[in-house]
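Following: one structure in structure tokens, then a few remarks.
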Amino acid sequence: MGIRSRRRTRAASTDPPCRRRRHRRRRTVDVHSFPWSVMWRDWAALPRDVLWLILSLLPQADILRGAGCVCVSWRRLAVDEPLLWRHIDLAADKDKGKDSDSDSNSDIDLDSDTDSDTDSNSDPPAGWQATACAAVRRSAGHCESFRGPVDDIFLLYLADRAPLLRSLHVT
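All residue numbers for the sequence shown refer to UniProt numbering, where the first residue is 1 and numbers rise by one.
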């Protein structure tokens, strides 16, 4: 007679799923087997028209904040290409969801003397004026439309720097 273990053995199919062990073979990838063109892309070497297309798809606030950090050619294009800044849209993200067919802001009561309608969410983001001035400056007088927050000082700046302005949407 053989030695019996005291532990009961069950068939593998009756074990609960958490106790079943699946042995998976881990795949290892040899980095040296890939050609360098697949692993590394020189974003600075892209043609100017391709870079222009990429930057035109990005929100302009993101171009103002970070396109110059990618490489020198991206910064040159973001700063020196006025056609990229013909239509400036610096509206806050909360305004993107609103209906664009209403030209007037109906939730502001012009007759009230109290500031109960204004809260911290309706204020434009900090630094909006510097961002807007930089965008208008980069347009080099070719700005045709502007959408974003304005105040009286920026409105005078916009009138002086954008002689081709045809559309102004205040948010």
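Just so you know, even glycine gets a beta-carbon here, dropped at the ideal spot from N, CA and C.
Taking the alpha helix (DSSP H) that residue i falls in, what are its first and last residues?
i: Arg161; result: Asp152 to Arg161
i: Gly68; result: That residue, Gly68, is in no alpha helix (DSSP H); it is neither H nor E in DSSP.
i: Arg137; result: Trp128 to Ser139
i: Leu58; result: Run containing Leu58: none; DSSP gives neither H nor E here.
Are residue i and residue j close, meaning C-beta to C-beta below 8 Å?
i: Ala135; j: Gln60; result: yes
i: Ile63; j: Arg147; result: no
i: Leu55; j: Leu83; result: no
i: Ala44; j: Val72; result: yes
i: Leu90; j: Ala132; result: yes
i: Cys143; j: Arg75; result: no
Tell me the residue span of the beta strand (DSSP E) that contains residue i.
i: Val170; result: Ser167 to Val170
i: Arg147; result: Ser145 to Gly148
i: Asp89; result: His87 to Asp89
At the level of alpha carbons, what is the spacing between residue i and residue j?
i: Val79; j: Trp52; result: 12 Å
i: Phe154; j: Ala162; result: 12 Å
i: Tyr157; j: Val50; result: 32 Å
i: Ser167; j: Gly66; result: 27 Å
i: Ser145; j: Leu165; result: 6 Å
i: Arg41; j: Val70; result: 13 Å
i: Arg138; j: Glu81; result: 7 Å
i: Ala159; j: Thr171; result: 17 Å
i: Val150; j: His169; result: 9 Å
i: Arg48; j: Asp152; result: 37 Å
i: Leu57; j: Gly68; result: 16 Å
Against chain C, does residue i count as a neighbour if the rule is that its beta carbon must be under 8 Å from one of theirs?
i: Phe146; result: Among the chains in the structure shown there is no chain C, since it carries only a single protein chain.
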